[in-house]
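S.K.: If you want the working numbering, it's the 1-based position in the sequence shown plus 13. Each residue gets a CB set at the ideal place from its N, CA and C atoms; glycine is no exception. Got a structure here, written out as structure tokens. Questions coming.
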Amino acid sequence: MKTRKFTRRQVITTTSAGLLGSLLNFSFSPYSIGGSDQLKTLAINGGDKVHKGSWPGWPEWDRSAEQGIIEMFRTGRWWRGGGEHVAEFEKKYAELIGARRCLATASGTTALMTALNVAGVDAGDEVLVSPYTFIASYNVIFAHRALPVFVDSDPATFLMDPKKIEERITERSVAILPVHIYGLPVDMDSVNRVAKKHNLMVVEDACQAWLAEYRGKKTGTLGDLGCFSFQNSKHLPAGEGGAITGNDDDLLDRCNAYHNCGRPYGNMKKGPGNMYNGMNYRMQQSQALILMSQMNRIHKDNDTRLSNALYLDSKLSRIPGIIPYRLAEGATRAVYHLYPFRYISEEFNNIPKEKFIRALNAEGVPCSSGYGKQNHDGLIEEQITSKGYKRLFPESRLKQWREENVLPGNDRLCDEAVTFYQSILLGSKPDMDDIVNAITKIYENRASLV
Ligand SMILES: Cc1ncc(COP(=O)(O)O)c(C=O)c1O
Numbered sequence: 014m015k016t017r018k019f020t021r022r023q024v025i026t027t028t029s030a031g032l033l034g035s036l037l038n039f040s041f042s043p044y045s046i047g048g049s050d051q052l053k054t055l056a057i058n059g060g061d062k063v064h065k066g067s068w069p070g071w072p073e074w075d076r077s078a079e080q081g082i083i084e085m086f087r088t089g090r091w092w093r094g095g096g097e098h099v100a101e102f103e104k105k106y107a108e109l110i111g112a113r114r115c116l117a118t119a120s121g122t123t124a125l126m127t128a129l130n131v132a133g134v135d136a137g138d139e140v141l142v143s144p145y146t147f148i149a150s151y152n153v154i155f156a157h158r159a160l161p162v163f164v165d166s167d168p169a170t171f172l173m174d175p176k177k178i179e180e181r182i183t184e185r186s187v188a189i190l191p192v193h194i195y196g197l198p199v200d201m202d203s204v205n206r207v208a209k210k211h212n213l214m215v216v217e218d219a220c221q222a223w224l225a226e227y228r229g230k231k232t233g234t235l236g237d238l239g240c241f242s243f244q245n246s247k248h249l250p251a252g253e254g255g256a257i258t259g260n261d262d263d264l265l266d267r268c269n270a271y272h273n274c275g276r277p278y279g280n281m282k283k284g285p286g287n288m289y290n291g292m293n294y295r296m297q298q299s300q301a302l303i304l305m306s307q308m309n310r311i312h313k314d315n316d317t318r319l320s321n322a323l324y325l326d327s328k329l330s331r332i333p334g335i336i337p338y339r340l341a342e343g344a345t346r347a348v349y350h351l352y353p354f355r356y357i358s359e360e361f362n363n364i365p366k367e368k369f370i371r372a373l374n375a376e377g378v379p380c381s382s383g384y385g386k387q388n389h390d391g392l393i394e395e396q397i398t399s400k401g402y403k404r405l406f407p408e409s410r411l412k413q414w415r416e417e418n419v420l421p422g423n424d425r426l427c428d429e430a431v432t433f434y435q436s437i438l439l440g441s442k443p444d445m446d447d448i449v450n451a452i453t454k455i456y457e458n459r460a461s462l463v
């Protein structure tokens with residue numbers, strides 16, 4: 014059957030008669046026309062739920078990794094200094110994403126800590142960062158006693174709006190930290206253009222973006238340094254773990270030294286008295302072995318996620334009030350750590366997003382609300398009113414920071430965003446149809462939620 018094209022207006026005006034499912038052209042729909050009352054009634058109101066089965070779990074263990082891990086443990090060479098596996102992983106990961114070098118770290122947070130240090134972020138500096146992100150993206154800026162300066166989000170892309178970067182630059186700015194949130198690539202040409210003009214370093218937070226692509230190149234290879242997380246929920250999981258990638262030997266040598274207690278590395282000057290600033294942020298051998306086994310599946314999983322995400326895009330975008338993300342200019346492949354869309358409550362009789370989420374969860378489709386308005390978190394006030402920040406920044410700068418901490422694009426995004434976790438996208442086509450059916454059912458029965 015051919016899919017008919019409808020304008021948004023046509024969809025809105027024709028759906029009230031319960032025809033949305035047939036317009037959407039998927040295996041549908043007991044809810045619209047002629048289904049039993051039990052099926053028509055929303056699950057949150059006591060009806061049957063749409064999705065009765067389970068969803069793929071995460072992470073999935075690979076038994077073929079077991080022998081190598083046991084052998085490594087038996088040798089007693091558990092740390093990177095005693096074995097070869099972390100270096101082996103670094104080589105493979107650099108090849109996987111097309112970077113000249115990779116340095117494995119204990120976590121994504123320690124990757125970011127190391128990268129910011131090497132990028133020259135120091136006490137009293139400022140770093141421009143996305144507000145729509147996991148807290149670690151700006152905690153690492155505070156840890157350097159620098160000021161995170163939030164650049165408003167574009168609600169359509171869920172990402173830092175590159176047009177808004179320049180207006181937030183001050184003479185204290187030293188770096189930009191764009192976040193490829195949910196595996197959606199930021200418009201890096203625009204970010205790099207501003208960075209070059211103002212002589213700023215670019216550290217990509219690619220902690221949710223393994224193998225995402227911008228103009229055909231992998232995220233994590235597009236700025237000065239890229240940072241990844243391999244925490245348990247991630248597409249490449251090892252419980253904990255992280256990596257820094259880049260193409261500049263000098264920067265990567267300095268990252269290596271910093272993550273290894275300041276021991277000089279590569280071309281750095283060595284010898285007595287030549288120790289550098291540093292921490293212990295090293296990856297363990299067991300993490301590297303788990304990661305190498307998980308690498309065997311990442312291409313296939315990413316292909317499945319992509320195909321299901323594109324399927325959802327095409328179906329969900331036809332439901333009034335459901336707006337899937339839009340890829341940023343130049344982004345050529347997203348990897349969906351979460352699948353995001355925006356919920357416009359006005360199209361659903363003004364039913365609040367939280368109620369829509371509860372109704373969708375009740376239909377057997379797990380979903381959640383995305384990030385909150387973190388630029389107003391108590392953590393931020395706590396930091397900038399601390400005695401350290403008062404010493405580092407003039408009162409006038411902190412006052413200006415508070416006045417400028419108004420992010421209408423991000424506020425709107427936080428109000429409207431709904432997300433599905435990545436393993437949902439590893440489900441089957443009928444699973445995806447259940448998602449579309451469940452949202453359609455809620456739309457058609459929205460009056461019963463008021
Ligand atoms: C966007 C982002 N940045 C940084 C991090 C920090 O990574 P980790 O949890 O491995 O320290 C995460 C992890 O969830 C993340 O999602």
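1. Given 7 Å as the limit, tell me if I370 has its C-beta closer than that to any heavy atom belonging to ligand 1.
2. Suppose only complete runs of 3+ residues qualify. What are the beta strand (DSSP E) ranges in the segment 116–194, listed by chain order?
3. Measuring only from the beta carbon, is S242 closer than 7 Å to any heavy atom that is part of ligand 1?
4. Taking 8 Å as the cut-off, does the segment 242–258 touch the segment 114–134 (at least 3 CB pairs, one atom from each stretch)?
5. Excluding the 5 residues preceding and the 5 following L411 in the sequence, name in chain order all residues of the same chain whose CB lies nearer than 6 Å to its CB.
6. Under 7 Å from any heavy atom of ligand 1, does the C-beta of F155 make it?
7. Shorter than 7 Å, the distance from the beta carbon of T146 to the closest heavy atom of ligand 1, or not?
8. Just how far apart, CA to CA, sit G137 and H248?
9. Ligand 1 and Q435: does the residue's C-beta get closer than 7 Å to at least one heavy atom of that ligand?
10. Roughly how many whole angstroms lie between the Cα atoms of V187 and N321?
11. Give me the Cα-Cα distance between R17 and R331, rounded to the nearest whole angstrom.
12. Are I189 and V204 touching if we call contact CB-CB under 8 Å?
13. Rounded to the nearest angstrom, what separates K442 and V378 at their Cα positions?
14. Between N290 and P277, what straight-line distance do the alpha-carbon atoms span, to the nearest angstrom?
15. Given a threshold of 16 other Cβ atoms within 10 Å of its Cβ, counted over all protein chains shown, does F413 qualify as buried or as exposed?
16. To the nearest angstrom, how far is the alpha carbon of N450 from that of Q221?
17. Counting Cβ pairs, one atom from each stretch, are 3 or more of them under 8 Å apart for the segment 162–176 and the segment 302–319?
18. Could you check if L405 is buried or exposed, using at least 16 other CB atoms within 10 Å of its CB as the buried criterion?
19. For S143, count neighbouring C-beta atoms within 10 Å of its own C-beta (all shown protein chains included) and say buried if the count is 16 or more, exposed if not.
M.R.: Concretely, from the data shown:
1. No, since every heavy atom of ligand 1 falls outside the 7 Å radius drawn around the Cβ of I370.
2. Taking 3 residues as the minimum length, the beta strand (DSSP E) runs contained wholly in the segment 116–194 are 139–142, 160–163 and 186–190, in order along the chain.
3. For ligand 1, at least one heavy atom lies less than 7 Å from the Cβ of S242.
4. Output reads yes: the segment 242–258 touches the segment 114–134.
5. The answer, listed in chain order, is I397.
6. Not one heavy atom of ligand 1 falls within 7 Å of the beta-carbon of F155.
7. Correct: T146 has its Cβ closer than 7 Å to ligand 1.
8. Cα to Cα, G137 sits roughly 35 Å from H248.
9. No, the beta carbon of Q435 sits no closer than 7 Å to any heavy atom of ligand 1.
10. Their backbone Cα atoms lie some 40 Å apart in a straight line.
11. The pLDDT assigned to R17 is 32, lower than 50, so where the model puts this residue is not dependable, and the model offers no usable value.
12. Yes. Within cutoff.
13. For K442 and V378, the gap between their C-alpha atoms comes out near 14 Å.
14. Answer to the nearest angstrom: the Cα atoms are 10 Å apart.
15. According to the sequence displayed, residue 413 carries Gln and not Phe. Q413 is exposed by the Cβ-count criterion.
16. Those two C-alpha atoms are separated by around 28 Å.
17. As far as the Cβ criterion goes, the segment 162–176 does not touch the segment 302–319, which means the pair count is below three.
18. By the 10 Å Cβ count, L405 comes out buried.
19. Counting every other CB atom within 10 Å of its CB across the protein chains shown gives S143 a total of 16 or more, marking it as buried.
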